[in-house]
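Worksheet: one structure, shown below.
In structure tokens form, the structure reads like this:
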């Protein structure tokens with residue numbers, strides 16, 4: 060299911076301007092957009108936003124949050140690639 064920025068703002072209690080800022084500054088690397096640039100948020104995006112809020116509330120600077128989120132994203136990419144390789148090995152055997 061996809062959500063609009065208004066729906067996400069209501070659900071997360073983050074202003075739409077903050078959501079746009081997070082997107083512009085790279086805190087939402089997987090956020091999908093329509094061909095017209097309209098942001099479409101997934102459940103996973105909302106989970107990311109909740110994590111960003113938690114880190115921000117803990118006093119972590121945005122630059123550190125961005126670095127942390129990039130690391131988490133890279134690990135997830137590696138895990139997905141590993142799963143794909145493991146799946147392919149099973150097909151070969």
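Residue numbers (this note's numbering): 60 to 152. Yeah, the Cβ is synthetic: ideal placement off N, Cα and C, and Gly gets one too.
Nearest to residue 121 by alpha carbon, out of 84, 101, 106 and 94?
As a position in the chain shown, residue 121 is number 62, starting the count at 1. Per the Cα distances, 84.
Can you give the beta carbon distance from residue 100 to residue 127, rounded, assuming they're within the 8 Å contact cut?
To locate residue 100, count along the chain shown from 1; it is residue 41. To locate residue 127, count along the chain shown from 1; it is residue 68. Approximately 20 Å separates the beta-carbon atoms of residue 100 and residue 127; this is outside 8 Å, ruling out the contact.
Own chain residues within Cβ distance below 8 Å of residue 65, not counting five before or after:
In the chain shown, residue 65 corresponds to position 6, counting from 1. Only 75 meet the Cβ criterion.
Bridge partners of residue 92, per DSSP?
For the purposes of this step, residue 92 is identified with residue 33 of the chain shown, where counting begins at 1. Beta-bridge pairing links residue 92 to 98.
Residue burial classification, residue 132 (beta-carbon count within 10 angstroms, cutoff 16):
One-based indexing of the chain shown puts residue 132 at position 73. Classification for residue 132: exposed.
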